[in-house]
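Notes follow once the structure below has been shown.
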């Protein structure tokens, strides 16, 4: 059996069409239940395994499941891997669920030097502002980062931006795009060698689907 | 084993106990990264260490030991400067930097060098010691699958032995030990430390860009490796090329990599020949089906000069054993000699055993 941990929410939504296009055996009705573990039968002749298990996990926890080896593979945003480097193998850039890591704030703060930054990514925020030669106070938050700038807790936020709709709805503006991020297929170091053939099949199928999609 | 307080206490007493247990002010703290072992686990670890040491001693290895601190310049020999970032460093009373050893090989090389200089080779030593790394990860996670702040290594070093026979014997020793411990489904992945560097150079990667590319391979970041290597090698998919190579079938080396005029090609062919000879030597061994070659495996530290390997087992998220040949390290310690060795990561090995499994001297029996 091959176990794949999926990052719940935005990443899985963005990656799902690619998983379908790659022809992987997938569970039906992922959204309609509250279950977190889905087992499906797989064709042993093509995939080298007779079952696939999907786990739905919080994005930041996906690399943890994979590093422990309870999931052989994982699909998670590059932002998570950049913020907390883990001892996992990164196999394929899935080129979907694309976002940008951005610095944003209220338009009136744009020309003032940054002093306080709210973020879910304290490590990356620190790296970015140090690379700009600025020392800022970092306020770690775990969600609704925009709120910090809206109510004036901080004069900047460092966050993931997909369409920019949430920023606009809250009267905030992107000041700088730091990095483009996309979903990645990651593998446990041990599974990568022990389940080499099955993992290769999955990785190759996904890479081929990415290429097909790129050619449009 | 754990007493169940719930049975013996009323609810009020149970709640009282919980509050006591979570009262951080009351109990002494433990530094991050350190881990305690209570009776069953501590016994298991000691049994594993004892079993492995006895196993190595029976095969002609002598137990050695050394202090946990080494001078930083001792540890630095044969390694890239950045390696020291991973060490726990302090200063001795004169201000000279020391570090807790990150593995036993430098200590063994330091101890062996005078004997090598006096002509007392071969040296076959084994050890069971704690090693240390800087780590921010919680100890349980890093023990199972990452690099722990403190962990236990039981390993062997052979100094003064060269040739493919010594290489294959060492690989066999490692798998014999696992067979003795009755661990099934293990896989040994073998590569050559000089093959990928030579290949990248042959494909046109400038010497200055080699190190960062190899670091990506060591880290398993194949996405970045592909993107970065494409800057130099064009449309060649290096990972694809590497995965098609199988030293059990010498003809899998593509002809276009064989260029008599290129020094990089010469080095690549030498590494390939060494791997093919090794494949020949292990083909008929009892463990042949547990051994695979994967030339994309690239290992730290930088002092390896020949075959390198890692061993994986179902249930452990990271290699349970690792090693290789390092023929130039002893020269750094003042007495040139070929050498090779490997170590078991004992805490990762422990994850393959249930607590109640007791290891007796000659095998593994459930108690």
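Protein chains in written order, with my numbering: chain A, 609 to 824; chain B, 5 to 371.
We put the beta carbon where it would ideally sit given N, CA and C, even for glycine.
Locate the beta strand (DSSP E) running through residue i, then write down its first and last residues.
{"i": "residue 746 (chain A)", "result": "745-748"}
{"i": "residue 666 (chain A)", "result": "Note, residue 666 (chain A): premise wrong, no beta strand (DSSP E); not H, not E."}
{"i": "residue 47 (chain B)", "result": "Where residue 47 (chain B) is concerned, there is no enclosing beta strand (DSSP E), although the alpha helix (DSSP H) it sits in stretches over 43-62."}
{"i": "residue 781 (chain A)", "result": "781-789"}
{"i": "residue 724 (chain A)", "result": "724-727"}
{"i": "residue 101 (chain B)", "result": "101-104"}
{"i": "residue 349 (chain B)", "result": "343-349"}
{"i": "residue 80 (chain B)", "result": "Not the beta strand (DSSP E): residue 80 (chain B) falls in the alpha helix (DSSP H), residues 76-80."}
{"i": "residue 645 (chain A)", "result": "645-649"}
{"i": "residue 313 (chain B)", "result": "311-316"}
When we look at the beta-carbon of residue i and count the other beta-carbons within 10 Å, is it buried (16 or more) or exposed?
{"i": "residue 750 (chain A)", "result": "exposed"}
{"i": "residue 8 (chain B)", "result": "Residue placement at residue 8 (chain B) cannot be trusted, given a pLDDT of 46 that sits under 50; what the coordinates show is reported in the next sentence. Classification of residue 8 (chain B): exposed, given that the 10 Å Cβ count is below 16."}
{"i": "residue 796 (chain A)", "result": "buried"}
{"i": "residue 255 (chain B)", "result": "exposed"}
{"i": "residue 710 (chain A)", "result": "buried"}
{"i": "residue 34 (chain B)", "result": "exposed"}
{"i": "residue 161 (chain B)", "result": "buried"}
{"i": "residue 803 (chain A)", "result": "buried"}
{"i": "residue 337 (chain B)", "result": "buried"}
{"i": "residue 660 (chain A)", "result": "buried"}
{"i": "residue 165 (chain B)", "result": "buried"}
{"i": "residue 754 (chain A)", "result": "buried"}
{"i": "residue 41 (chain B)", "result": "exposed"}
{"i": "residue 159 (chain B)", "result": "buried"}
Compare the C-beta of residue i with all C-beta atoms of chain B and state if any pair is closer than 8 Å.
{"i": "residue 656 (chain A)", "result": "no"}
{"i": "residue 682 (chain A)", "result": "no"}
{"i": "residue 729 (chain A)", "result": "no"}
{"i": "residue 867 (chain A)", "result": "In the structure as shown, chain A starts at 609 and stops at 824, and residue 867 (chain A) therefore has no counterpart that could be examined."}
{"i": "residue 796 (chain A)", "result": "yes"}
{"i": "residue 792 (chain A)", "result": "yes"}
{"i": "residue 802 (chain A)", "result": "yes"}
Assuming residue i is part of the alpha helix (DSSP H), what are its boundary residues?
{"i": "residue 237 (chain B)", "result": "226-237"}
{"i": "residue 770 (chain A)", "result": "That residue, residue 770 (chain A), is in no alpha helix (DSSP H); it is neither H nor E in DSSP."}
{"i": "residue 674 (chain A)", "result": "670-676"}
{"i": "residue 819 (chain A)", "result": "804-823"}
{"i": "residue 159 (chain B)", "result": "From DSSP, residue 159 (chain B) is part of no alpha helix (DSSP H) but of the beta strand (DSSP E) over 154-163."}
{"i": "residue 735 (chain A)", "result": "730-739"}
{"i": "residue 293 (chain B)", "result": "No alpha helix (DSSP H) holds residue 293 (chain B); DSSP gives it neither H nor E."}
{"i": "residue 628 (chain A)", "result": "618-629"}
{"i": "residue 271 (chain B)", "result": "267-287"}
{"i": "residue 760 (chain A)", "result": "From DSSP, residue 760 (chain A) is part of no alpha helix (DSSP H); its letter is neither H nor E."}
With a threshold of 8 Å between beta carbons, is residue i in contact with chain A?
{"i": "residue 92 (chain B)", "result": "no"}
{"i": "residue 125 (chain B)", "result": "no"}
{"i": "residue 37 (chain B)", "result": "no"}
{"i": "residue 354 (chain B)", "result": "no"}
Report yes if the C-beta of residue i is less than 7 Å from at least one heavy atom of the ligand SAM; otherwise report no.
{"i": "residue 233 (chain B)", "result": "Looking for the ligand SAM in the displayed structure turns up nothing, as the structure carries no ligands at all."}
May I ask you to list, following chain order, the residues of the stretch 316-327 of chain B that have a beta carbon less than 9 Å from some beta carbon of chain A? Going along the stretch 316-327 of chain B in chain order, one finds 316, 317, 318, 319, 320, 321, 322, 323 and 324 with a Cβ nearer than 9 Å to chain A.
Which residues, in order along the stretch 179-194 of chain B, keep a beta-carbon less than 7 Å from a beta-carbon of chain E? Structure shown: chain E not included; protein chains present are A and B.
Would you be able to state if there are at least three C-beta pairs under 8 Å between the stretch 39-55 of chain B and the stretch 109-124 of chain B? With the cut-off at 8 Å, the stretch 109-124 of chain B and the stretch 39-55 of chain B do not touch.
Using Cβ-Cβ distances below 8 Å, what residues of the stretch 693-718 of chain A are close to chain B? Sequence-ordered contacts of the stretch 693-718 of chain A with chain B read 694, 695, 696, 697, 698, 699, 700 and 701 [C-beta pairs closer than 8 Å].
Using a Cβ-Cβ cut-off of less than 7 Å, list which residues of the stretch 229-249 of chain B approach chain A; keep chain order. Contact residues of the stretch 229-249 of chain B toward chain A are absent (C-beta to C-beta distance below 7 Å).
Within 8 Å of chain A by C-beta, residues of the stretch 297-316 of chain B in sequence order: Taking 8 Å as the Cβ-Cβ cut-off against chain A, the residues of the stretch 297-316 of chain B that qualify are 298, 314 and 316.
Can you pull out the residues from the stretch 201-227 of chain B whose beta carbon lies closer than 7 Å to at least one beta carbon of chain A? With the criterion set as a beta carbon lying under 7 Å from some beta carbon of chain A, the members of the stretch 201-227 of chain B are 224, 225, 226 and 227, in sequence order.
Could you tell me whether the stretch 641-648 of chain A touches the stretch 758-775 of chain A, using the rule of 3 or more Cβ pairs below 8 Å? Verdict: no, contact absent.
Sufficient close CB pairs (3 or more, under 8 Å) joining the stretch 218-236 of chain B to the stretch 290-302 of chain B: Yes, since at least three Cβ pairs between the stretch 218-236 of chain B and the stretch 290-302 of chain B fall closer than 8 Å, the two stretches touch.
Would the stretch 186-198 of chain B and the stretch 656-667 of chain A be scored as touching if the rule is three or more Cβ pairs under 8 Å? Verdict: no, contact absent.
Validate contact between the stretch 177-192 of chain B and the stretch 200-216 of chain B using beta carbons, cut 8 Å, 3 pairs: At 8 Å Cβ cutoff, the stretches do not touch.
Across the stretch 687-706 of chain A and the stretch 780-795 of chain A, are there enough close Cβ pairs to call them in contact, namely three or more that are closer than 8 Å? Output reads yes: the stretch 780-795 of chain A touches the stretch 687-706 of chain A.
Does the contact criterion of 3 or more C-beta pairs under 8 Å hold for the stretch 716-725 of chain A versus the stretch 733-747 of chain A? Yes: the two stretches touch, three or more of their Cβ pairs being nearer than 8 Å.
With a threshold of 8 Å, are at least 3 pairs of Cβ atoms found where one atom belongs to the stretch 55-65 of chain B and the other to the stretch 101-112 of chain B? Output reads no: the stretch 101-112 of chain B does not touch the stretch 55-65 of chain B.
Does the structure place the stretch 65-72 of chain B close enough to the stretch 318-325 of chain B that three or more beta carbon pairs sit under 8 Å? Contact between the stretch 318-325 of chain B and the stretch 65-72 of chain B is absent, because fewer than three Cβ pairs lie under 8 Å.
Check whether the stretch 228-237 of chain B touches the stretch 341-348 of chain B, taking contact to mean three or more Cβ pairs, one atom from each stretch, closer than 8 Å. Taking 8 Å as the limit for Cβ pairs, the verdict is that the stretch 341-348 of chain B does not touch the stretch 228-237 of chain B.
Evaluate contact between the stretch 804-811 of chain A and the stretch 647-656 of chain A, counting only Cβ atoms and requiring at least three cross-stretch pairs below 8 Å. Counting Cβ pairs under 8 Å, three or more are found: they touch.
Is the stretch 284-300 of chain B touching the stretch 241-253 of chain B in the sense that three or more CB pairs, one from each, lie closer than 8 Å? Yes: at least three Cβ pairs fall under 8 Å.
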